[in-house]
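Everything below concerns the one structure shown next.
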Amino acid sequence: MDFALTGEQETWRDTAAKYLADERAAGDSDRTWADVTGLGWLDSELGTVELALLAEQLGHARSPLPWWSTIGLAGPALRAAGREPRRPATLAWAEEAGPGTLAALLAPHRPGGGMSCTVAADGTVRGRKVAVPHAAEAVDLVVAVAGPDGVELRLVDASALRPAPTDAGPAGLDPTRPAGTVELSGVASTPLVAADASGDVLAAIRRRTLALLAAEAVGVATRALAWAVGYATTRTQFGRPIGANQAVAHPLADLYGQVETARSLAYRAAWSVDAEPGPVADRAVAAAAVAGREAATAACETAIQTYGGSGFTWEQPLHHWYRRAWWLATFDGTVADLRAELAASLLDGASGQDAPGR
Amino acid sequence: MDLRDSAEEAAFRAGLRDWLARSVPVTTGTAGAPARGRWDDVDAVRSFSAALHEAGYAGLTWPVEYGGRGLSPVHQAIYLEESARAEAGEHIGVIGLGMVGPTVIACGSPAQRAWYLPRILTGEIIFCQGFSEPEAGSDLSAVRTLARRDGDELVVTGRKVWSSYAHLADHCLLLARTDPDATRHRGLSCLLVDLRTPGVTVRPIRQMTGEAEFAEIEFDEVRVPLDAVVGEIGDGWRVAMTTLAHERGTFGFTLTARLEVAFRRLVATARARGRDTDPLVRDQIAARYVELEGLRWTNRRALAELRRTGTPGPETSVVKLRWSQAHQRLTALAVLLTADGRPDGWDRYWRREMLRSRANTIEGGTSQVLRNVIAERVLGLPRSY
Ligand SMILES: Cc1cc2nc3c(=O)[nH]c(=O)nc-3n(C[C@H](O)[C@H](O)[C@H](O)COP(=O)(O)OP(=O)(O)OC[C@H]3O[C@@H](n4cnc5c(N)ncnc54)[C@H](O)[C@@H]3O)c2cc1C
Numbered sequence: 001m002d003f004a005l006t007g008e009q010e011t012w013r014d015t016a017a018k019y020l021a022d023e024r025a026a027g028d029s030d031r032t033w034a035d036v037t038g039l040g041w042l043d044s045e046l047g048t049v050e051l052a053l054l055a056e057q058l059g060h061a062r063s064p065l066p067w068w069s070t071i072g073l074a075g076p077a078l079r080a081a082g083r084e085p086r087r088p089a090t091l092a093w094a095e096e097a098g099p100g101t102l103a104a105l106l107a108p109h110r111p112g113g114g115m116s117c118t119v120a121a122d123g124t125v126r127g128r129k130v131a132v133p134h135a136a137e138a139v140d141l142v143v144a145v146a147g148p149d150g151v152e153l154r155l156v157d158a159s160a161l162r163p164a165p166t167d168a169g170p171a172g173l174d175p176t177r178p179a180g181t182v183e184l185s186g187v188a189s190t191p192l193v194a195a196d197a198s199g200d201v202l203a204a205i206r207r208r209t210l211a212l213l214a215a216e217a218v219g220v221a222t223r224a225l226a227w228a229v230g231y232a233t234t235r236t237q238f239g240r241p242i243g244a245n246q247a248v249a250h251p252l253a254d255l256y257g258q259v260e261t262a263r264s265l266a267y268r269a270a271w272s273v274d275a276e277p278g279p280v281a282d283r284a285v286a287a288a289a290v291a292g293r294e295a296a297t298a299a300c301e302t303a304i305q306t307y308g309g310s311g312f313t314w315e316q317p318l319h320h321w322y323r324r325a326w327w328l329a330t331f332d333g334t335v336a337d338l339r340a341e342l343a344a345s346l347l348d349g350a351s352g353q354d355a356p357g358r
Numbered sequence: 001m002d003l004r005d006s007a008e009e010a011a012f013r014a015g016l017r018d019w020l021a022r023s024v025p026v027t028t029g030t031a032g033a034p035a036r037g038r039w040d041d042v043d044a045v046r047s048f049s050a051a052l053h054e055a056g057y058a059g060l061t062w063p064v065e066y067g068g069r070g071l072s073p074v075h076q077a078i079y080l081e082e083s084a085r086a087e088a089g090e091h092i093g094v095i096g097l098g099m100v101g102p103t104v105i106a107c108g109s110p111a112q113r114a115w116y117l118p119r120i121l122t123g124e125i126i127f128c129q130g131f132s133e134p135e136a137g138s139d140l141s142a143v144r145t146l147a148r149r150d151g152d153e154l155v156v157t158g159r160k161v162w163s164s165y166a167h168l169a170d171h172c173l174l175l176a177r178t179d180p181d182a183t184r185h186r187g188l189s190c191l192l193v194d195l196r197t198p199g200v201t202v203r204p205i206r207q208m209t210g211e212a213e214f215a216e217i218e219f220d221e222v223r224v225p226l227d228a229v230v231g232e233i234g235d236g237w238r239v240a241m242t243t244l245a246h247e248r249g250t251f252g253f254t255l256t257a258r259l260e261v262a263f264r265r266l267v268a269t270a271r272a273r274g275r276d277t278d279p280l281v282r283d284q285i286a287a288r289y290v291e292l293e294g295l296r297w298t299n300r301r302a303l304a305e306l307r308r309t310g311t312p313g314p315e316t317s318v319v320k321l322r323w324s325q326a327h328q329r330l331t332a333l334a335v336l337l338t339a340d341g342r343p344d345g346w347d348r349y350w351r352r353e354m355l356r357s358r359a360n361t362i363e364g365g366t367s368q369v370l371r372n373v374i375a376e377r378v379l380g381l382p383r384s385y
């Protein structure tokens, strides 16, 4: 039993942090994507723990890169088809009338799955997908469609789409993580995952993507806490640093506890995704997602309060992290949905306990 | 990172589980509620402690030369998890094993080690911890109990309060003032005091739960030999801090393992009362599960840090703070679930647990004091007090 990062993992994390702290990382997106590929962030041999460490740093930097949608959402489907995710990619699964969340798509896993997006015999797909993360930037689009035998995953070249995907853009909560609408009016597609395997691949996608977002949330929370602590140490009122007041210090101490437990759960979930897939990993991921989401919003809210009036200004970068925290808190369902899922696993299944050997 | 047991750890766990299955007495209450009084019987606790020692499960991390097994904290963690899961009682010498023993190992004299350590392990000597006083709780440096030197003896006069298990204990690790002129934490000393010495009176204090798990100890001109001092005279603050560090270090796992049991019971209660289909109850149960898991894995991260660097990581400081809140929320939820007046044993059990949990944010350092410690020592915020 060893819950320490290896030296290699630490170096991996630190290199990512260093790159993301650089101006270059925030610049021109084509160049950044080339950097990211060069840094090996899309390599197929990366374990979920390594990916989670990256996600944490990307959250810390609140990076706008579509890395997560590529590696977390589209990646497992591409890999299942023997392809490597190389270009910015994403997954389109939600429909206005059909199942809105991955969990809902997975639950009634039967032919059609309640989706209106369909594929014809010649491979052209028709329909409309909503709330597609990074829709406008993704070049490869993995689309869940209702085929004759059930839900299939197919690949569409997004650059060929007419009209191009529309972005909800800055009207959304986090403008760096826009979600868009994709109109598929008989566009060509290639098969990736057939209906008989798509349930497993979608479950794997969901597990991995929630685990990565839990780590990202921990990165967001860590950054907000660091800001608040820095400000509480330097800002003086009544002739002393504001952090000398317990009314300021104690919420930060509580937050530290919340962030550290969320970090433990995020790492554990990432490890679990590779090492113990199935209900144990599902519980670990859901617990990490709940704790991470709650820690991220709480950290940003406490930080904003600690900064006082300046915390409420546009100029103070805090709101950018707060936007990301809220995006995370509402992605593909809420904390209450995740808790409902946990409750089902704990109360309705045959065993309410994790194997005690761990 | 590998969160599985190593082959050797797995073997240790399997052997222990097997031993516990054979050695923990089986008793059940009504409707599956925990039986009352099972571990209240001092003789039963004593004989179980002796069995633990005989099987080699007492003092797992203590050096072999003092009768321990010299095993890693990981083994200790496995022991704490498995014994809690098996609903085994604690060794009668919890304070001696977890706090006083390690303090004597770290700061005591060779004679003290030779005499006390084996007796703590067997359960022959039961310790209590006499730090708090009516005027010195959070602020231990305000301790007033006086140990005045008289030849080769110290004469102790004063009053200690809230000393857990003092009514069962025969020895006390006492924090006293040996230099009344020295201010605050200078001038304190730690002593190993035999509670059967003339002049000592132990009076149980009744708690909110109606029980008396702790007591006050009155010292009236109690004569203690000089060689009862742990470390040097005037070194008491450092010794006491060693004890408190062990209290935090060892208890994190104990607390979490017990919380896991409490969680399992919560689920059983929800089922027994047919409330496991209520969406609000389900939401709360899931929330308590996330808290429990957060503590479990944070403990393991801290353990990895301890193994690698020899000192527990800063995450450790948050375990008691968050555990106490988690336990209070869990027991409060359970009381609400059993509020329908059905006397099936669970009602009584949870009422007691809920009341007892109010102490969790006070005993072993209050939550406010723990927050001060985290703010100052972990986050580096300016001192607030
Ligand atoms: C069940 C139980 C078992 C115990 N067992 C033992 C034992 O075995 N041995 C032993 O020596 N002691 C024991 N104690 C005593 C325990 O350690 C003290 O009660 C505790 O440290 C608090 O001290 P106090 O009660 O004097 O409260 P006080 O220190 O008077 O505090 C009162 C309130 O003021 C707050 N406060 C105090 N100082 C500060 C500050 N600087 N900043 C912010 N808030 C502050 C506290 O948090 C608390 O809310 C036990 C207590 C309980 C409840």
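Heads up: the protein sequence lines correspond to chains Y and H, in order.
Residue 298 in the UniProt record's numbering sits at position 298 of the first sequence, with consecutive numbering throughout.
Residue 172 in the UniProt record's numbering sits at position 172 of the second sequence, with consecutive numbering throughout.
Even for Gly, the Cβ is constructed at its ideal location relative to N, Cα and C.
The model shown is predicted, which means the values in this text are computed figures rather than measured ones.
Determine which residues share a DSSP beta bridge with S163(H) and list them.
A215(H)
Chain H beta carbons: is any one of them nearer than 7 Å to that of F3(Y)?
yes
Count the other CB atoms, across all protein chains shown, that sit within 10 Å of the CB of A355(Y); report buried if there are 16 or more and exposed otherwise.
Note that A355(Y) scores a pLDDT of 42, beneath 50, so its modelled location is shaky and nothing firm can be said.
So which residues of chain A does D35(Y) contact, with C-beta pairs closer than 9 Å?
Chain labels in this structure do not include chain A; the protein chains are Y and H.
Taking buried to mean at least 16 other C-beta atoms within 10 Å of its own C-beta, is T277(H) buried or exposed?
exposed
Is T234(Y) helix, strand or coil by DSSP?
helix
Tell me where the beta strand (DSSP E) around G345(H) begins and ends.
No beta strand (DSSP E) holds G345(H); DSSP gives it neither H nor E.
Sheet register partners of P241(Y) (DSSP bridge)
T236(Y)
Against D282(Y), what residues of chain H qualify as contacts under a CB-to-CB distance less than 7 Å, listed in chain order?
Those do not exist, as D282(Y) stays about 13 Å from chain H at its closest Cβ, beyond 7 Å.
Residue environment, S384(H), which counts as buried when at least 16 other CB atoms sit within 10 Å
buried
Judging by CA-CA distance, which residue of A268(H), A245(H), A212(H), Y116(H) is the nearest neighbour of V193(H)?
Y116(H)
Beta-bridge partners of E90(H), as assigned by DSSP:
None; E90(H) has no bridge partner.
Any non-hydrogen atom of ligand 3 closer than 6 Å to W237(H) Cβ:
Only ligand 1 can be found as ligands here, which leaves ligand 3 out of the picture.
Taking the alpha carbon of T118(Y) as the point to measure from, which residue in G150(Y), D200(Y), A158(Y) has its own alpha carbon closest?
G150(Y)
Can you give me the Cβ contacts of R358(Y) inside the same chain, cut-off strictly under 6 Å, excluding the 5 residues immediately before and after it?
Note that R358(Y) has pLDDT 42, beneath the 50 cutoff, so the model's placement of it is unreliable and no number is given.
Cβ-heavy atom distance, Q368(H) to ligand 1, below 6 Å:
yes
Would you say I362(H) touches ligand 1, meaning its beta carbon is less than 6 Å from a heavy atom?
yes
Are L295(H) and F263(H) touching if we call contact CB-CB under 7 Å?
no
What do you reckon, is the C-beta of W314(Y) under 6 Å from a heavy atom of ligand 1?
no
Apart from the five residues just before and just after R300(H), which ones in its own chain have a Cβ nearer than 8 Å to its Cβ?
L3, A77
Determine, for V74(H), whether the minimum Cβ-Cβ distance to residues of chain Y falls below 7 Å.
yes
Measuring CB atoms only, is the segment 204 to 221 of chain Y touching the segment 50 to 61 of chain Y, in the sense that at least three cross pairs come out at less than 8 Å?
yes
Give me the Cβ distance between A270(H) and L337(H), rounded to the nearest whole Å; I'm assuming they're in contact under 8 Å.
6 Å
Name the DSSP beta bridge partners of S189(H), please?
A176(H)
Can you have a look at W314(Y) and say buried or exposed, based on whether 16 or more other CB atoms are within 10 angstroms of its CB?
exposed
Where H134(Y) meets chain H, residues with beta-carbon distance less than 9 Å
Within 9 Å Cβ-Cβ: nothing; H134(Y) doesn't reach chain H, min ~29 Å.
Give the DSSP-derived three-state secondary structure of F127(H) in the structure shown.
strand
Are the C-beta atoms of R268(Y) and some chain H residue less than 7 Å apart?
yes
Cβ of W162(H) within 6 Å of any heavy atom in ligand 1?
yes
In chain H, what lies closer than 8 Å to V229(Y) by C-beta?
L379, G380, L381
Indicate, with yes or no, if ligand 1 has a heavy atom lying under 6 Å from the CB of F251(H).
no
Along the chain, where does the alpha helix (DSSP H) that runs through E183(Y) open and close?
From DSSP, E183(Y) is part of no alpha helix (DSSP H) but of the beta strand (DSSP E) over 179 to 187.
In the DSSP output, which residue or residues are listed as bridge partners for D91(Y)?
At residue 91(Y) the sequence reads Leu, which differs from the Asp that was named. DSSP output for L91(Y) lists V142(Y) as bridge partner(s).
Can you list the residues of chain Y that E305(H) reaches, using a CB-CB cut of under 9 Å?
F3, A4
List the residues that DSSP assigns as beta-bridge partners of L146(H).
T157(H), R177(H)
According to DSSP, is L155(Y) part of a helix, a strand, or is it coil?
strand
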